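The next block holds one structure in the form of structure tokens; read it before the comments.
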Amino acid sequence: MTTCSAIYKLCLVAAICSIKACSGSCPVLECWFVQEKTGRGGLSAATSQETSVLHIRTDGNAAETRPAPSASDRVYFITDPAATLCHRALIRSRGSLEKPECEINPFLPQPSTLKWVAPLTDSASSPIYLQADWFSTTFRGLDGQLAISTVTRAPTASKEHRVALSVTSRTASVQSRLGEPVVLDCGFWADPSSPLAGSGFAVEWRYQFRGAGRLVLAYDGKADRLADAREEGATLDFEGLHGKGNASLILPEAKVHHSGMYICTVYLAYLVAQVALELEVVEPPSLSVHPSPLPLAVPGQTLTVQCEASGFAPLTLDLSWEFKGADGAARPLGSGSVTGHRQAWDGTYSQSSRLELDTTKLDLGRGGEVTCVAVHVGGTRRASVTLNVIGFSSPSIEDSMAMVGVALVLYGLIKFVSWTFASSGSDEAGQQDKKDK
Ligand SMILES: *[C@@H]1O[C@H](CO)[C@@H](O)[C@H](O)[C@H]1NC(C)=O
Numbered sequence: 007m008t009t010c011s012a013i014y015k016l017c018l019v020a021a022i023c024s025i026k027a028c029s030g031s032c033p034v035l036e037c038w039f040v041q042e043k044t045g046r047g048g049l050s051a052a053t054s055q056e057t058s059v060l061h062i063r064t065d066g067n068a069a070e071t072r073p074a075p076s077a078s079d080r081v082y083f084i085t086d087p088a089a090t091l092c093h094r095a096l097i098r099s100r101g102s103l104e105k106p107e108c109e110i111n112p113f114l115p116q117p118s119t120l121k122w123v124a125p126l127t128d129s130a131s132s133p134i135y136l137q138a139d140w141f142s143t144t145f146r147g148l149d150g151q152l153a154i155s156t157v158t159r160a161p162t163a164s165k166e167h168r169v170a171l172s173v174t175s176r177t178a179s180v181q182s183r184l185g186e187p188v189v190l191d192c193g194f195w196a197d198p199s200s201p202l203a204g205s206g207f208a209v210e211w212r213y214q215f216r217g218a219g220r221l222v223l224a225y226d227g228k229a230d231r232l233a234d235a236r237e238e239g240a241t242l243d244f245e246g247l248h249g250k251g252n253a254s255l256i257l258p259e260a261k262v263h264h265s266g267m268y269i270c271t272v273y274l275a276y277l278v279a280q281v282a283l284e285l286e287v288v289e290p291p292s293l294s295v296h297p298s299p300l301p302l303a304v305p306g307q308t309l310t311v312q313c314e315a316s317g318f319a320p321l322t323l324d325l326s327w328e329f330k331g332a333d334g335a336a337r338p339l340g341s342g343s344v345t346g347h348r349q350a351w352d353g354t355y356s357q358s359s360r361l362e363l364d365t366t367k368l369d370l371g372r373g374g375e376v377t378c379v380a381v382h383v384g385g386t387r388r389a390s391v392t393l394n395v396i397g398f399s400s401p402s403i404e405d406s407m408a409m410v411g412v413a414l415v416l417y418g419l420i421k422f423v424s425w426t427f428a429s430s431g432s433d434e435a436g437q438q439d440k441k442d443k
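Here the sequence shown is numbered in the working numbering, starting from 7 and rising by one per residue.
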């Protein structure tokens, strides 16, 4: 019975494996087909949205794997020789509701007038090649880190697309400590069989933050020339760029003002594709508590303690206080009065909190450890000072017991003394009486 079910299981596993092997490891992707509405409507930017299905494969003559017709009207077969779209972050796990993000749009190839791109179309290469159906597609992986953008071409009215250009980032969201070198990952692949690939490429990195943008770096790969306007220190690995399409941006030292969105754009003649990456420079605060050490406190006295958090970014910080007494249990003392923030020359922030320590009201006993706690995305930091309360007045249990004991002894003593006096007094009186008689 058990062997039977084991064999059955093995068969099942083998069957699943062979199905997977058949389909390669390239995904079938559900994708939103988004198109600007044609017809009336004039200037209004109305768009239409339809579902579509993309079958990805790595070689063009894989007709035998043609899948069954789907419910969707829009089914496309995309040949991606570089297998960029076969990344596991785009493959949905069985039974999972989570899908990779995908959007596909019609694309219009056109020459660019940008100084570092214009030379690519100098020779007016093969415009006949451009007469085809072009799509631009963006993908976002399930890991939240993979971002791909492709330009694909299909002979007019065919559904058999081929990737002409793909741009990929494996780190769509990057965190860096202040002062560390940062690499923003971006790579591209251009179909060598496309006539457009021969005329070279250009790379552009732009920075975008709250609507404002600036050029970080632009490189004309045809003339091997960097544009003049460029952010200090920003560079590319030029060998890797020409050899392997590694267009990663290198920032030698992360600064607070580097936080924001970066767009990596790669141009071929007439074609363009781009991916966006988010960089966040995160630095936890340094804490100091003063006065340190705290002066000795007498009961009833109020001490003021100040905690200064500095050098942190981004701005959001939660400052609070804790007290740990002789019993070892930590107890919150609230957030104190928190000041507004200040920004230093390097863009980092500082903020402080003042705490009034009322030795009677707060029930601090003989003292203990007062701790300032700063909670920040970069990590939680703590700083402590020791509080000593002297001439401690309110009695402890041992003290009370001792006092009761002393009272009892005193009481006994008084009783004894008074009894001795009383008895000797009456004896003397009796003897006096006898003498008188
Ligand atoms: C691309 O270049 C950067 C910077 O030199 C490097 O850190 C990264 O590993 C390279 N990526 C690949 C895929 O080679």
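Backbone N, C-alpha and C fix where the C-beta goes; we use that ideal spot for every residue, glycine too. Model, not experiment: these values are computed from the prediction.
For residue i, the first and last residue of its enclosing alpha helix (DSSP H)
i	result
Lys250	244–250
Leu35	Where Leu35 is concerned, there is no enclosing alpha helix (DSSP H), although the beta strand (DSSP E) it sits in stretches over 34–42.
Ile134	133–136
Short Cβ contact (8 angstroms threshold) for residue i with residue j
i	j	result
Gly251	Gly204	no
Asp226	Pro87	no
Pro125	Leu277	no
Ser341	Arg348	no
Glu109	Thr53	no
Val188	Leu285	yes
Ser58	Phe39	yes
Val288	Val180	no
Thr174	Thr241	no
Arg176	Leu152	yes
Gly353	Ala319	yes
Gln307	Thr365	yes
Arg231	Val222	no
Cys92	Ser31	yes
Residue environment, residue i, which counts as buried when at least 16 other CB atoms sit within 10 Å
i	result
Phe422	exposed
Asp191	buried
Arg388	exposed
Thr310	exposed
Thr158	buried
Tyr417	exposed
Ser359	buried
Phe215	exposed
Pro338	exposed
Ile154	buried
Val262	buried
Thr271	buried
For residue i, the residue or residues it bridges with in DSSP
i	result
Trp195	Ser172
Gly373	Asn394
Ser444	What the structure shows of the chain is the stretch from 7 to 443, and residue 444 is not part of that stretch, so it cannot be assessed.
Glu107	Arg146
Gly239	Its beta-bridge partners do not exist; DSSP assigns none.
Lys330	Ala336, Glu375
Gln55	Val40
Thr308	Asp364
Gly385	His382
Glu286	Gln181
Ser343	Arg360
Asp139	Ala160
Gln280	Thr271
Start and end residues, beta strand (DSSP E) containing residue i
i	result
Ser200	From DSSP, Ser200 is part of no beta strand (DSSP E); its letter is neither H nor E.
Gly219	218–226
Gly340	336–340
Asp364	355–364
Gly266	266–274
Gln181	179–182
Trp211	207–215
Phe83	80–85
Ile154	153–160
Leu126	From DSSP, Leu126 is part of no beta strand (DSSP E); its letter is neither H nor E.
Ile97	Here Ile97 belongs to no beta strand (DSSP E), and DSSP marks it neither H nor E.
CB contact below 8 angstroms: residue i versus chain B
i	result
Leu302	Within the model displayed, chain B is absent; a lone protein chain is all it includes.
* **Shell residues, 7 angstroms Cβ cut-off relative to heavy atoms of ligand 1** => Val189, Asp191, Gly193, Asp243, Gly246, Lys250, Asn252, Ser254, Ile256
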